[in-house]
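Okay, structure first, notes after.
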Amino acid sequence: DILGMNQSISYGETLVSSDLIFELGLFTRGNSSMSYLGIWYKFSPETVVWVANRNNPLAERSGVLTFSTVGNLVLLNQSNGVVWSSKSSRVLQNPVVQLLDSGNLVIWDKFSSSSNEAYSWQSFDYPSDTLLAGMKLGLNLKTGFEWRLTAWKSMDDPSPGDYVNLLNYNQGLFQYEIVQVDGHSKKIRTGQWNGVRFVGIPPIPIPDQAIVPIFMFNETEISFMFEVQKSQLLLKITLNYSGVLQVFVTDRSRSAMSKLMHEFPSDSCNLYDRCGANAICSLGLCECVKGFMPRSPDEWKVLEFSSGCMRTIPTNCSKGEGFMEIKRVKLPDLLDVTLNKNMSLKKCKDECLKNCSCMAYANSDIRDGGSGCLMWLGDLIDMRVFEKQNYGQTLYIRLSASELEITKEDIDLPLFNLAAIVSATNNFSDDNMIGAGGFGSVYKGNLQTGHQVAVKRLSRSSRQGLEEFKNEVLLITRLQHRNLVGLLGCCIEGEERILLYEYMENKSLNYFIFDQEQSLLLTWQRRFDIIVGIARGLLYLHHDSKLQVIHRDLKTSNILLDGNLNPKISDFGLARIFGADQKEARTKRVIGTYGYMAPEYAFDGKFSLKSDIYSFGVLLLEIISGKRNRGFSHPSHHHNLLGHSWLLWCEGRALEIMDECLHNSFDRTQVERCIRVGLLCVQKFPEDRPAVSFAIDMILNGGLVLPEPKEPGYFSERNSEYRDGASAKGDPYTQNAVTLTLPEGR
């Protein structure tokens, strides 16, 4: 593991650390003849962790590593020209170079101590694209020297690439950023160090707390490094050529193979400023923070979010203003902030309220219950929310008085205390989670009374979710029907907003319909009963209840099934009440699910009872066919499921859309009648669609003469929302299909 003054290494020769972990030598990659001096795992030569001459490769498979007369380690080409030099800090009379088992290549004087202080040069001071245990990333405050990672140009080209990972230091706050070399544009950022972790990076899943992060901040340096507590574990963090940080772990006691444990960015929400100013990213979707609306609604309609969001109601330091708490959030970028490390969170809130420019505040350090005051004085940039506990941090965003939330006094519903719900859900355990969406997460809960409940916990990053919470609490308590899910109670405690429903052990309809094995349990008779049950629930909403209610989000994932597979319509967060004489309404904020939205609603924001009828028609055809409308594909045409069904109907072949698993047990007349009713419900123009009462009559009355359906909506021109995916059975079911918000109708 040691090379002395009069020794050298040529191409094909190597230096190996004492425990046979790392190896130093000359290497080439791919088909290139260029040679580099590098260090790699002895057991995996392809895993290069350090490269010396990245800017000046040898032009051929040759070269010699030796010492110069002044004790520098030098790499010579065939002409004895110096290609690379260590440029040691002092002249050494008897230099030796040693490759340590840490992967650090060090130079020291043979007749002095080999301790760290005696190294005249070490490779750990000059990282390439990889961070090893004991290697630093950061800034030397005395010399200005920066320890940074620089990506390779490509997988087989170690020369400096397009991305660097560097430290951003601002007012005593630190975060690391991956920046494109050209233009210095940020790709991702870690979020600031909060005393425990970088707030924007989830904990890396290393077993037994084997990795210890170390953050150093003193008069001489700001740096981050990590230590590995178990000798058999090797960990490296690599910035790859595409700008992605990758964490690899090798357990030498089990295998010589490296396992990828984490990538950053791990999803689109990690991309810098993905949603624009004052917006938050969750599960890949962008949404304005409560109290804000899209700055450019037309751009948001086509999923272009860079313009961000602006306040719906300007704040002006008026009486009654307050803050909304968002937990598990990656705090905004440090662009216009103030920091007071000695201020409590309560004092921080008071100071933020006094400052009319203050948009949000948070603790700067989360240790020992939290301390320090961090205030944002401008737009909030690059936020995301994490679904899991103990990720991210809590942020408090300023709201006008009119935007603050519903209180317990507004609710005529049993109230549950938070402790009981925490106990029932095993502290909102991932094992209890049965669904998730933009609103938050749904958990299975077991109350102390022995009753099972479904617990819908609102995500406080979701403005739409807060509005839906209010809507559902104030509406569903006034609706009671065997085919509507029952709301049992709610919880309003601190910033928690939770709804408790009756638990449906058979989950949702899409779990059965779109799954190759589960669909076999739904015979035609069961499917027919489900269709009738949904229709009766819809009839109650439209005609039989004290209120006339439009659901606005009927879809398979919102049809829950009890133990006997009886359907229950759920999720009334988007529902609207109509007056007795009201026929139609219009909104600039179109909310719903692609594949189920009626054309007049999706394009013009118009909704009515007939909008729900359209969604019911889509449900009917999906139940009969076992295929999704959204994502349906056919080799002979480009139409969705509705268009395909229409074509078969016109050709007298309507039964061909029926799920193949039903061919041995179905009532031909019933199936044909249901297909016809489905097509009548999805007709392009709302005035052509039947009322739900007539739809039920047509489904149940075999002797009734039915009208001929006209062309369905979306038939003439296929929209982009139908271009992704296929309709084959075996696709993973989705517990909660994504509900999209389009801020303004055309």
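According to the numbering used here, the sequence shown is numbered sequentially starting from 1099.
Every residue gets a Cβ at the ideal spot worked out from N, C-alpha and C, and that includes glycine.
Given residue i as reference, the closest of the options once Cα atoms are compared
i, options, result
"Phe-1322", "Glu-1361, Asn-1338, Glu-1244", "Glu-1244"
"Phe-1612", "Gly-1729, Tyr-1599, Lys-1686", "Gly-1729"
"Gly-1750", "Leu-1586, Arg-1774, Arg-1595, Cys-1779", "Arg-1774"
"Asp-1223", "Ser-1184, Gly-1259, Gln-1191", "Ser-1184"
"Ser-1133", "Asn-1151, Asp-1710, Asp-1349, Ile-1119", "Asn-1151"
"Gly-1293", "Phe-1272, Val-1279, Pro-1363", "Phe-1272"
"Asn-1581", "Val-1189, Ser-1340, Leu-1639", "Leu-1639"
"Val-1277", "Gly-1661, Ser-1329, Gly-1341", "Gly-1341"
"Tyr-1609", "Leu-1636, Arg-1625, Ser-1655, Arg-1576", "Ser-1655"
"Ala-1633", "Asp-1466, His-1649, Phe-1125", "His-1649"
"Lys-1725", "Val-1540, Asp-1757, Phe-1676, Gly-1374", "Asp-1757"
"Asp-1627", "Phe-1390, Cys-1772, Asp-1117, Arg-1787", "Cys-1772"
"Ser-1394", "Gly-1374, Leu-1203, Lys-1284, Pro-1412", "Gly-1374"
"Pro-1193", "Leu-1101, Asn-1178, Leu-1401, Val-1262", "Leu-1101"
"Phe-1705", "Val-1716, Arg-1687, His-1579, Ile-1722", "Arg-1687"
"Cys-1471", "Lys-1447, Ser-1455, Asp-1480", "Lys-1447"
Per-residue DSSP class, three states only, for residue i
i, result
"Thr-1654", "helix"
"His-1742", "helix"
"Arg-1409", "strand"
"Ser-1606", "strand"
"Phe-1120", "strand"
"Leu-1229", "strand"
"Lys-1708", "helix"
"Phe-1730", "coil"
"Thr-1112", "strand"
"Leu-1401", "coil"
"Gly-1776", "helix"
"Ser-1462", "coil"
"Gly-1587", "strand"
"Val-1769", "helix"
"Glu-1749", "coil"
"Pro-1258", "strand"
"Asn-1170", "coil"
"Asp-1786", "helix"
"Leu-1597", "strand"
"Ala-1793", "helix"
"Ser-1723", "helix"
"Tyr-1139", "strand"
"Ala-1064", "The structure shown does not extend to residue 1064, since the chain is modelled only from 1099 through 1844, so no value can be given for it."
"Ser-1133", "strand"
Residue i, buried or exposed, once every other Cβ within 10 Å from all chains shown has been counted against 16
i, result
"Arg-1766", "exposed"
"His-1742", "buried"
"Ser-1108", "exposed"
"Phe-1324", "buried"
"Val-1279", "exposed"
"His-1761", "exposed"
"Glu-1720", "buried"
"Pro-1143", "exposed"
"Gln-1330", "exposed"
"Gln-1196", "buried"
"Thr-1691", "buried"
"Lys-1388", "buried"
"Thr-1248", "buried"
Near the ligand GTP: residue i beta-carbon under 7 Å from a heavy atom
i, result
"His-1735", "Ligands in the displayed structure: none, and consequently the ligand GTP is not present."
Supposed close pair residue i, residue j - CB separation, criterion 8 Å
i, j, result
"Lys-1439", "Ser-1462", "6 Å"
"Ser-1115", "Leu-1163", "Not really, about 16 Å apart at Cβ, beyond 8 Å."
"Leu-1264", "Arg-1246", "5 Å"
"Leu-1511", "Thr-1436", "Not really, about 42 Å apart at Cβ, beyond 8 Å."
"Gln-1290", "Leu-1432", "6 Å"
"Gln-1487", "Ala-1460", "Contact doesn't hold; Cβ gap of about 18 Å is too wide."
"Phe-1670", "Asn-1569", "7 Å"
"Met-1233", "Tyr-1339", "About 20 Å separates the two Cβ atoms, so there is no contact after all."
"Gly-1161", "Asn-1175", "6 Å"
"Ile-1711", "Cys-1779", "5 Å"
"Val-1790", "Leu-1652", "Going by Cβ atoms, the distance from Val-1790 to Leu-1652 rounds to 11 Å, so no, they are not a contact pair."
Residue ranges of each alpha helix (DSSP H) within the stretch 1465–1544, 4 or longer: 1516–1522
Runs of alpha helix (DSSP H) lying entirely within the stretch 1260–1321, each at least 4 residues, in chain order: none
Every unbroken alpha helix (DSSP H) within the stretch 1605–1649, with a cutoff of 4 residues, ordered by chain: The stretch 1605–1649 contains these whole alpha helix (DSSP H) runs: 1607–1611, 1622–1637.
Segments assigned beta strand (DSSP E), at least 3 residues, entirely inside the stretch 1668–1693: 1674–1676, 1688–1690
Length at least 4, wholly inside the stretch 1331–1403: the alpha helix (DSSP H) runs in chain order: 1395–1399
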